[in-house]
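Engineer:
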Amino acid sequence: MAEAITIAATARDRAGKGAAREARRQGLVPGVIYGDKQSPVMINLNAKELERQLRRPGFFNHLFEVKVGKDTHRVLARELQQDPVTDRALHVDFLRVSKNSRIEVAVPVHFINESKSPGLKRGGVLNIVRHEVEVFCSPEAIPEELVIDLTGWDVGDSIHISAVTLPDGVVPTITDRDFTVATIAAPSALKSEENAAGDEAEEEEED
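Take 1 as the starting number for the sequence shown in the UniProt record's numbering and just add one per residue.
Here is the structure:
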């Protein structure tokens, strides 16, 4: 779990396309903070600071503290509008959260100890079915990643969510099945050998 990142913002009193264009000309990105049964707050963010945060991995999974005057809002980024040509940030929506909030986030999966996987050592291929796993958790306990240890996994094995150690208070959004996160697939050479062996066995049976 990462610490909350502090970002400074200024309140804006005008909405609309004209006000947004004016803000962008001044090196600002318009945004809004909403949720938690409070009134929305329209803000402007420094474009360079926002771009710096966007370059960091997991922008939508980080807890931010947006300071607007004397007020501090604990938020998660929920929607980002970008220029289709330059990818420049045009507008950002932040969801206000509290310690008691229960949120849904997509957490990236990270694999370790590939050298300790018998299947991969034999030339098997790690087939990643889910690069991210959607989970429910508290805003204070968003995992930066879900770590999967490949030690002992062999060719033909499937790694299901039940084999993944989740942090306390973190549960998958899918609960009706033990879904697959990754598999260890056989290499082409091994498949050819197995197919050849199968063909030989069939020929012997026919003889």
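Beta carbons are placed, not taken as given, at the ideal position from N, Cα and C, and that holds for glycine.
Between which two residues does the alpha helix (DSSP H) carrying E22 extend?
Structural biologist: Taking the first residue of the sequence shown as position 1, residue 22 is located at position 22. Residues 17-25.
Engineer: Buried or exposed for I159, please, with buried defined as at least 16 other CB atoms from any protein chain shown within 10 angstroms of its CB.
Structural biologist: Position 159 of the sequence shown holds residue 159. I159 comes out buried.
Engineer: Quick one: give me the first and last residue of the alpha helix (DSSP H) that P118 is part of.
Structural biologist: Here residue 118 refers to the residue found at position 118 when the sequence shown is read from its first residue. That run of the alpha helix (DSSP H) goes 118-121.
Engineer: Any idea which residues DSSP pairs residue 218 with across the strands?
Structural biologist: Past the edges of the chain, shown from 1 to 207, lies residue 218, and the structure says nothing about it.
Engineer: If I measure Cβ to Cβ from T183 and keep anything under 6 Å in the same chain, skipping five residues before and after, which residues do I get?
Structural biologist: As a first step, residue 183 must be located in the sequence shown, where it is residue number 183. Answer for T183: N127, S158, listed in chain order.
Engineer: Pull up the distance between the alpha-carbon of A15 and that of F94, whole angstroms please.
Structural biologist: Taking the sequence shown and counting its residues from 1, the one referred to as residue 15 is at position 15. Taking the sequence shown and counting its residues from 1, the one referred to as residue 94 is at position 94. Whole-angstrom Cα-Cα distance: 16 Å.
Engineer: Leaving aside the five residues before and after L28 along the sequence, list all residues of the same chain whose C-beta is less than 7 Å from its C-beta, in chain order.
Structural biologist: Within the sequence shown, numbered from 1, the residue matching residue 28 stands at position 28. Hits under 7 Å: N44, L45, N46, A47.
Engineer: Can you say whether A11 is buried or exposed, counting buried as having 16 or more other CB atoms within 10 angstroms of its CB?
Structural biologist: Translated into positions along the sequence shown, residue 11 becomes position 11. So A11 ends up on the exposed side.
Engineer: With a CB to CB cut of under 8 Å and the five nearest residues on each side skipped, what residues in its chain are close to G169?
Structural biologist: In the sequence shown, the residue the question calls residue 169 occupies position 169. The residues are C137, S138, A141.
Engineer: Using three-state DSSP, classify E49 as helix, strand or coil.
Structural biologist: Here the question's residue 49 lines up with position 49 in the sequence shown. For E49, the three-state secondary structure derived from DSSP is helix.
Engineer: Could you tell me the alpha carbon to alpha carbon distance between A197 and T151, rounded to whole angstroms?
Structural biologist: As a working note, residue 197 is residue 197 in the sequence shown. As a working note, residue 151 is residue 151 in the sequence shown. Interpretation of A197 is limited by its pLDDT of 49, a score under 50 that renders its predicted location unreliable; the figure taken from the coordinates is listed afterwards. Using only the alpha carbons, I get a separation of about 29 Å.
Engineer: Let me check understanding here. Comparing Cα to Cα, which of K67, D71, E79 lies closest to N61?
Structural biologist: Position 61 of the sequence shown, counted from the start, is the residue given in the question as residue 61. It is E79 whose Cα lies nearest to the Cα of N61.
Engineer: Using the rule of at least 16 other Cβ atoms within 10 Å of the residue's Cβ for burial, across every protein chain shown, is P172 buried or exposed?
Structural biologist: To locate residue 172, count along the sequence shown from 1; it is residue 172. In the assembly as shown, P172 is a buried residue. Its beta-carbon has 16 or more other beta-carbons within 10 Å.
Engineer: State buried or exposed for A73, treating a residue as buried only when at least 16 other CB atoms are found within 10 Å of its CB.
Structural biologist: If you number the sequence shown from 1, residue 73 lands on position 73. The question names Ala, but residue 73 in the sequence shown is His. So H73 counts as buried.
Engineer: Using the beta-carbon count (16 or more within 10 Å), is P84 buried or exposed?
Structural biologist: Taking the sequence shown and counting its residues from 1, the one referred to as residue 84 is at position 84. So P84 ends up on the exposed side.
Engineer: Suppose you measure from the CA of Q26 to the CA of V92; what does that come to, to the nearest Å?
Structural biologist: For the purposes of this step, residue 26 is taken as residue 26 along the sequence shown, with counting starting at 1. For the purposes of this step, residue 92 is taken as residue 92 along the sequence shown, with counting starting at 1. Near 16 Å, if we compare the C-alpha coordinates of V92 and Q26.
Engineer: For I33, name the three-state secondary structure that DSSP assigns.
Structural biologist: On the sequence shown, residue 33 is found 33 positions in, with the first residue counted as 1. Three-state DSSP puts I33 in a strand.
Engineer: Please specify which runs of the beta strand (DSSP E), each continuous and at least 3 residues long, are wholly inside the stretch 124-163, giving them in chain order.
Structural biologist: Along the stretch 124-163, the beta strand (DSSP E) occurs as fully enclosed runs of 3 or more residues at 125-128, 132-137, 146-149, 158-160, listed in sequence order.
Engineer: Are A89 and L63 touching if we call contact CB-CB under 8 Å?
Structural biologist: The residue labelled residue 89 in the question sits at position 89 within the sequence shown. The residue labelled residue 63 in the question sits at position 63 within the sequence shown. No, they are not a contact pair.
Engineer: Taking 8 Å as the limit between beta carbons, can you name the residues of its chain near S101, skipping five residues before and five after?
Structural biologist: Numbered from its first residue, the sequence shown carries residue 101 at position 101. So the list reads D36, S138, P139, once near-sequence residues are dropped.
Engineer: For F60, which three-state DSSP category applies?
Structural biologist: On the sequence shown, residue 60 is found 60 positions in, with the first residue counted as 1. Helix.
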